[in-house]
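Below is one structure; the comments refer to it alone.
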Amino acid sequence: MDKKKTGLPPLDWLRVFEAAGRLGGFSAAAREFGLTQAAVSQRIGNLEAWLGRSLFVREARGVSLTVEGESYLPLVQESLSALERSTEDLFGKAPRQLRVAGLGSHVNALVFPNLAGFQQRHPGVRLVTDSVARRSSLDEERTWLQIRFGRGVWPGREAGLITSEVLAPMAAPGVGWGAPVIELRGERPGWRDWARLSGQPEPGPALLSVDSMEHALTEAQQGLGVALGSLPLARNLLQSGRLRRLDLPEMTTRDGYWVTWPDERVQSRKLRALIADFLDTLRSAG
781 MDKKKTGLPP LDWLRVFEAA GRLGGFSAAA REFGLTQAAV SQRIGNLEAW LGRSLFVREA
841 RGVSLTVEGE SYLPLVQESL SALERSTEDL FGKAPRQLRV AGLGSHVNAL VFPNLAGFQQ
901 RHPGVRLVTD SVARRSSLDE ERTWLQIRFG RGVWPGREAG LITSEVLAPM AAPGVGWGAP
961 VIELRGERPG WRDWARLSGQ PEPGPALLSV DSMEHALTEA QQGLGVALGS LPLARNLLQS
1021 GRLRRLDLPE MTTRDGYWVT WPDERVQSRK LRALIADFLD TLRSAG
């Protein structure tokens, strides 16, 4: 190959190389940029000639990075990301839309009650919510900003705590302790854990068993028993009088409700600031 030149190669060549290295082939890079495979191959060939080094091994079954290509790829990715972030911070417009996904019950209880505060701080930002039926669906959800329940650790995602999960006995007006309890199946602590930690007698067997906190709170509102309910999710029900806390101890758990996002999706300082304001709004609802 030609002798390596000094300075920097054209940005277009570097972007195509990064895409081909990240996606594992020239065809995939061509699809990402709307180019032909031949155009991608030509740009990478120009870059290799400019550097005086081979970056890919071309074989009948496809291409693979050379040792030098593997060493160069992370440097190019870091540089392109830094340039994109700096350009966005200096010249980019503030985000005009924030889209968040979560269980419908979580959106209802954690987002909507204090949404007015966020709109006052960002009157020009359109907030879009997407409801998912099950928590397991969030891993396949295309909306990358999400409200999740758990311990705050998800591979490849950052997370900001909205509020910890706190459980307390609650029931509809007129239903007291001694009524049948409602069993909630799942990862949250149950009545046995509550009795052990609170020093209270364990209640009798449940006559109703549900698999979601939303259903447990609904059954309790209908006067069908006492739920070990989530204070964050039941806040509006308690304030409106549809449910009332019984005069019994509450239990703080190790779980919580979080705003989460993929590491690589929030690079802009303005977008990070918008998400931080959104998180602060949700926290103030507590």
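For the sequence shown, this note's numbering gives the first residue as 781, with consecutive numbering after it. For each residue, glycine too, the CB sits at the ideal point set by N, CA and C.
request  = Excluding the 5 residues preceding and the 5 following Asp1035 in the sequence, name in chain order all residues of the same chain whose CB lies nearer than 8 Å to its CB.
outcome  = The residue labelled residue 1035 in the question sits at position 255 within the sequence shown. These residues qualify, in order along the chain: Phe929, Gly930, Arg931, Ser944, Glu945, Glu967 and Arg968.
request  = Could you tell me if Gln926 is buried or exposed, where buried requires 16 or more neighbouring beta carbons within 10 angstroms of its beta carbon?
outcome  = Here the question's residue 926 lines up with position 146 in the sequence shown. When all chains shown are included, Gln926 counts as buried.
key: Test item: CB-CB of Pro949 and Gly1021 under 8 Å   = The residue you call residue 949 lines up with position 169 of the sequence shown. The residue you call residue 1021 lines up with position 241 of the sequence shown. Against a cut-off of 8 Å, the Cβ pair of Gly1021 and Pro949 comes out as no contact.
request  = Following the continuous alpha helix (DSSP H) through Asp1060, name the residue where it begins and the one where it ends.
outcome  = Here residue 1060 refers to the residue found at position 280 when the sequence shown is read from its first residue. It spans Arg1049 to Ser1064 - the alpha helix (DSSP H) in which Asp1060 sits, taken as one unbroken run.
inquiry  = Please report the distance separating the alpha-carbon of Pro1012 from that of Gln899.
reply    = Against the sequence shown, residue 1012 aligns to sequence position 232. Against the sequence shown, residue 899 aligns to sequence position 119. Cα to Cα, the separation comes out at about 21 Å.
request  = Could you tell me which residues DSSP puts in a beta bridge with Ile927?
outcome  = Within the sequence shown, the letter at position 147 stands for residue 927. According to DSSP, which records beta bridges pairwise, Ile927 is partnered with Val1039.
key: Inter-residue Cα distance where the pair is Arg1045 and Gly804   = Within the sequence shown, the letter at position 265 stands for residue 1045. Within the sequence shown, the letter at position 24 stands for residue 804. Distance between the alpha carbons of Arg1045 and Gly804: 21 Å.
Own chain, CB closer than 7 Å to Ser989, minus 5 neighbours either side, in chain order = Taking the sequence shown and counting its residues from 1, the one referred to as residue 989 is at position 209. Within the same chain, Ser989 has close Cβ partners Glu963 and Arg965.
ask   = Is it a yes or a no for the segment 885–905 touching the segment 833–851, going by three-plus beta-carbon pairs under 8 Å?
value = no
key: Residues near Glu848 by beta carbon distance below 8 Å, same chain, minus five either side   = As a working mapping, residue 848 is identified with position 68 in the sequence shown. The residues are Arg833, Ser834 and Leu835.
task = Out of Leu907, Gln1019, Arg1024 and Asn1016, point me to the one whose CA is closest to Gly1005's CA.
result = Against the sequence shown, residue 1005 aligns to sequence position 225. Cα-wise, what sits closest to Gly1005 is Arg1024.
message = Beta-carbon within less than 7 Å of Val820's beta-carbon, same chain only, minus the 5 sequence neighbours each way: which residues are those?
response = For the purposes of this step, residue 820 is taken as the residue at position 40 of the sequence shown. Closer than 7 Å at the Cβ level, and outside the excluded window around Val820, lie Val796, Ala800, Phe806, Ala809 and Ala810.
inquiry  = Quick check on the DSSP output: the alpha helix (DSSP H) that includes Arg901 runs from which residue to which?
reply    = Taking the first residue of the sequence shown as 1, we reach residue 901 at position 121. From DSSP, the alpha helix (DSSP H) with Arg901 extends over Leu895 to Arg901.
message = Looking only at its chain, what residues have a beta carbon closer than 8 Å to the beta carbon of Trp934, apart from the 5 residues adjacent to it on each side?
response = Stepping through the sequence shown from its first residue, residue 934 is reached at position 154. Correct list, in chain order: Arg928 and Thr1040.
task = Tell me Asp910's beta-bridge partners as DSSP assigns them.
result = The sequence position of residue 910 within the sequence shown is 130, counting from 1. Answer is Ala881.
task = Pull up the distance between the alpha-carbon of Ser861 and that of Gln1047, whole angstroms please.
result = Here the question's residue 861 lines up with position 81 in the sequence shown. Here the question's residue 1047 lines up with position 267 in the sequence shown. C-alpha separation (whole angstroms): 8 Å.
query = If you draw a straight line from the C-alpha of Ala959 to the C-alpha of Leu977, how long is it?
reply = Indexing the sequence shown from 1 puts residue 959 at position 179. Indexing the sequence shown from 1 puts residue 977 at position 197. So the two alpha carbons sit approximately 21 Å from each other.
inquiry  = If the criterion is Cβ atoms closer than 8 Å, does the pair Ile942 and Leu1059 meet it?
reply    = Here residue 942 is taken as the residue at index 162 of the sequence shown, counted from 1. Here residue 1059 is taken as the residue at index 279 of the sequence shown, counted from 1. Yes; because the gap between Cβ atoms is below 8 Å, this pair is in contact.
key: alpha helix (DSSP H) runs contained entirely in the segment 976–1018, provided each spans 4 or more residues   = 993–1001
query = Where Asp919 and Trp1038 are concerned, what is the direct C-alpha to C-alpha distance, given to the nearest angstrom?
reply = Position 139 of the sequence shown, counted from the first residue, corresponds to residue 919. Position 258 of the sequence shown, counted from the first residue, corresponds to residue 1038. Each residue's alpha carbon lies about 15 Å from the other.
task = Look at the alpha carbon of Tyr852 and the alpha carbon of Arg865, and state the distance between them as a whole number of angstroms.
result = Along the sequence shown, one-based indexing puts residue 852 at 72. Along the sequence shown, one-based indexing puts residue 865 at 85. About 20 Å.
Proximity below 8 Å, CB of Leu1062 to CB of Asn894 = The residue given as residue 1062 occupies position 282 in the sequence shown. The residue given as residue 894 occupies position 114 in the sequence shown. For Leu1062 and Asn894, yes; Cβs fall inside 8 Å.
key: CA nearest to the CA of Asp1043, picked from Glu850, Trp924, Gln1002 and Glu828   = Here residue 1043 refers to the residue found at position 263 when the sequence shown is read from its first residue. Per the Cα distances, Trp924.
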